[in-house]
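Protein chains in written order, with the numbering used here: chain C, 114 to 232; chain E, 5 to 196. For each residue, glycine too, the CB sits at the ideal point set by N, CA and C.
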Amino acid sequence: MNTLPRYILGFLLSLGLTAVAFWLVQAHMNSVGVLSPEILILALVVLALIQLVVQAVCFLRVGAGTHAAWNTALLSFTFFVVVVIAGWSLWIMSNLTNQTRTAEEIFKSEAIVSSSTHD
Amino acid sequence: MKEHQRTEEKVTFGFWLYLMSDCVLFAVLFATFAVLAGATAYGPSMADVVNLPFVLKETLILLTSTFTIGCALLAARARQRTLTMLLLAATFALGAAFLTMEVSEFMYLLAQGEGPTRSAFLSAFFTIIGTHGLHVAAGMLWMLLIGVHIAIYGLVSGTVRKLACLALFWHFLDIIWVFIFTFVYLIGAIGI
Numbered sequence: 114m115n116t117l118p119r120y121i122l123g124f125l126l127s128l129g130l131t132a133v134a135f136w137l138v139q140a141h142m143n144s145v146g147v148l149s150p151e152i153l154i155l156a157l158v159v160l161a162l163i164q165l166v167v168q169a170v171c172f173l174r175v176g177a178g179t180h181a182a183w184n185t186a187l188l189s190f191t192f193f194v195v196v197v198i199a200g201w202s203l204w205i206m207s208n209l210t211n212q213t214r215t216a217e218e219i220f221k222s223e224a225i226v227s228s229s230t231h232d
Numbered sequence: 005m006k007e008h009q010r011t012e013e014k015v016t017f018g019f020w021l022y023l024m025s026d027c028v029l030f031a032v033l034f035a036t037f038a039v040l041a042g043a044t045a046y047g048p049s050m051a052d053v054v055n056l057p058f059v060l061k062e063t064l065i066l067l068t069s070t071f072t073i074g075c076a077l078l079a080a081r082a083r084q085r086t087l088t089m090l091l092l093a094a095t096f097a098l099g100a101a102f103l104t105m106e107v108s109e110f111m112y113l114l115a116q117g118e119g120p121t122r123s124a125f126l127s128a129f130f131t132i133i134g135t136h137g138l139h140v141a142a143g144m145l146w147m148l149l150i151g152v153h154i155a156i157y158g159l160v161s162g163t164v165r166k167l168a169c170l171a172l173f174w175h176f177l178d179i180i181w182v183f184i185f186t187f188v189y190l191i192g193a194i195g196i
């Protein structure tokens with residue numbers, strides 16, 4: 114059974130995690146951030162994943178109730194599918210991008226327009 | 005009572021199955037957005053489109069609403085009808101505020117000539133935000149119907165079961181929003 118303290122804890126933790134993520138990006142935009150863009154993105158992803166766990170445990174009650182094992186198994190499988198779809202799409206598409214000529218390169222080599230048409 | 009509990013657990017488990025498949029839908033949209041984020045066709049990029057303080061307000065509103073609907077479920081389980089109705093009304097109002105903000109963001113972009121037809125990136129942006137918005141709208145309609153149900157029949161076990169599913173749905177939408185906030189808005193604002 115869900116309890117109020119559990120909800121309050123989830124709410125406060127989520128608020129804190131959101132605030133930290135927002136502040137990190139705001140600091141970066143105002144050029145007072147100390148993190149490089151790559152580390153910053155990694156930090157944001159980690160913060161989002163922590164918030165996923167917090168909300169799943171505190172709000173969705175994953176791991177509680179009589180169907181806990183089934184719920185958790187389903188959730189893990191879905192997480193796997195999500196990683197496969199999103200992660201591998203990105204991997205494949207970035208490989209393709211690296212191997213494909215851009216529109217400008219094609220235009221230039223075919224002498225359709227000069228390369229200075231767009232900046 | 006035992007039988008009621010068993011039914012409720014079965015129903016929530018079935019609903020959980022639906023939520024997981026909905027998760028896959030959003031995963032596809034996230035993948036599409038990530039792939040197309042750079043395809044701006046010389047139009048605006050995410051860094052040009054994003055208004056961080058505005059999005060933070062949206063996030064806080066949705067986060068508060070996921071808390072209030074959780075409390076509404078607790079109140080319903082404690083058979084406190086007035087409190088349940090009040091908390092549901094609060095959740096509905098927060099949902100409406102969130103949806104209004106999403107629509108005004110869309111209207112603003114459309115007025116700038118930066119609609120979904122402008123570039124592949126904007127198509128992906130409108131699709132993922134729009135799909136989430138539609139889910140929120142559906143959740144609000146559902147909330148309205150449950151409110152009417154409670155007003156007419158009171159907090160019978162069937163109604164509480166429906167409310168439990170709605171609460172799951174609403175929590176799920178907030179988790180999706182956490183990822184939209186992070187991957188679409190925050191990382192988009194950094195703009196690599």
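Residue i - DSSP class collapsed to helix/strand/coil
i, result
"E/T121", "coil"
"E/V140", "helix"
"E/V160", "coil"
"E/G99", "helix"
"E/E62", "helix"
"E/I194", "helix"
"C/G146", "coil"
"E/E109", "helix"
"E/N55", "coil"
"E/F175", "Reading off the sequence, residue 175 of chain E comes out as His, not Phe. Looking at E/H175 - three-state DSSP - the assignment turns out to be helix."
"C/I225", "coil"
"C/H180", "coil"
"E/A115", "helix"
Residue interval of the alpha helix (DSSP H) (run including residue i)
i, result
"E/L33", "K6 to L40"
"C/A156", "P150 to C171"
"C/R214", "First-last for C/R214: undefined, no H or E at that position."
"C/L128", "L117 to M142"
"E/A43", "First-last for E/A43: undefined, no H or E at that position."
"C/V175", "Taken as a continuous stretch (DSSP letters only), C/V175 belongs to no alpha helix (DSSP H), as it is neither H nor E."
Neighbour list for residue i in chain E, Cβ cutoff strictly below 9 Å
i, result
"C/W183", "F17 and W20"
Neighbourhood of residue i by C-beta distance below 6 Å, restricted to the same chain and skipping five residues each side
i, result
"E/F30", "I180"
"E/S161", "H8"
"C/R119", "C171"
"E/F125", "L40, A41, A43 and T44"
"C/D232", "Bear in mind that the predicted position of C/D232 carries a pLDDT of just 47, short of 50, making it unreliable; the figure below should be weighed with that in mind. Around C/D232: no qualifying Cβ."
Close Cβ partners of residue i (< 8 Å) along its chain, the five nearest in sequence each way excluded
i, result
"E/I132", "F30, L33, F34, T36, F37, I184 and V188"
"E/F110", "F130, I133 and G134"
"E/H175", "T70, I73 and G74"
Neighbour list for residue i in chain C, Cβ cutoff strictly below 9 Å
i, result
"E/G47", "Those within 9 Å of E/G47 in chain C number zero; the least Cβ separation is about 12 Å."
Within chain E, partners of residue i - CB distance below 7 Å
i, result
"C/S202", "A35 and V39"
"C/L165", "I179 and V182"
Contact set between residue i and chain C, taken where Cβ atoms lie within less than 8 Å
i, result
"E/A94", "Under the 8 Å cutoff, chain C gives no residues; its nearest Cβ is about 14 Å from E/A94."
Same chain, Cβ closer than 7 Å to residue i, five either side skipped, listed in chain order
i, result
"C/A169", "V175"
Proximal residues of chain C, C-beta to C-beta of residue i below 7 Å
i, result
"E/A124", "Under the 7 Å cutoff, chain C gives no residues; its nearest Cβ is about 12 Å from E/A124."
Check whether the stretch 150-160 of chain E touches the stretch 143-153 of chain C, taking contact to mean three or more Cβ pairs, one atom from each stretch, closer than 8 Å.
-> In the pairwise beta carbon analysis, the stretch 150-160 of chain E is classified as not touching the stretch 143-153 of chain C: fewer than three pairs are separated by under 8 Å.
ask   = How do the stretch 152-159 of chain C and the stretch 77-93 of chain E stand: do at least 3 beta-carbon pairs fall below 8 Å, yes or no?
value = No: the two stretches stay apart, fewer than three of their Cβ pairs being nearer than 8 Å.
Check whether the stretch 134-144 of chain C and the stretch 207-217 of chain C touch, using three or more Cβ-Cβ pairs below 8 Å as the test. Flag = no, the stretch 134-144 of chain C and the stretch 207-217 of chain C do not touch.
Given 8 Å as the limit, is there contact between the stretch 143-155 of chain E and the stretch 113-123 of chain E, that is, 3 or more CB pairs closer than that?
With a cut-off of 8 Å, the stretch 113-123 of chain E and the stretch 143-155 of chain E do not count as touching, because too few Cβ pairs lie within range.
Note to self: If contact is defined by three or more beta carbon pairs under 8 Å, each pair taking one atom from either stretch, is the stretch 7-26 of chain E in contact with the stretch 174-184 of chain C?
What the structure shows: At 8 Å Cβ cutoff, the stretches touch.
Spell out a yes or no on whether the stretch 134-149 of chain E and the stretch 213-222 of chain C are touching, meaning 3 or more CB-CB pairs, one atom from each, closer than 8 Å. No, they do not touch.
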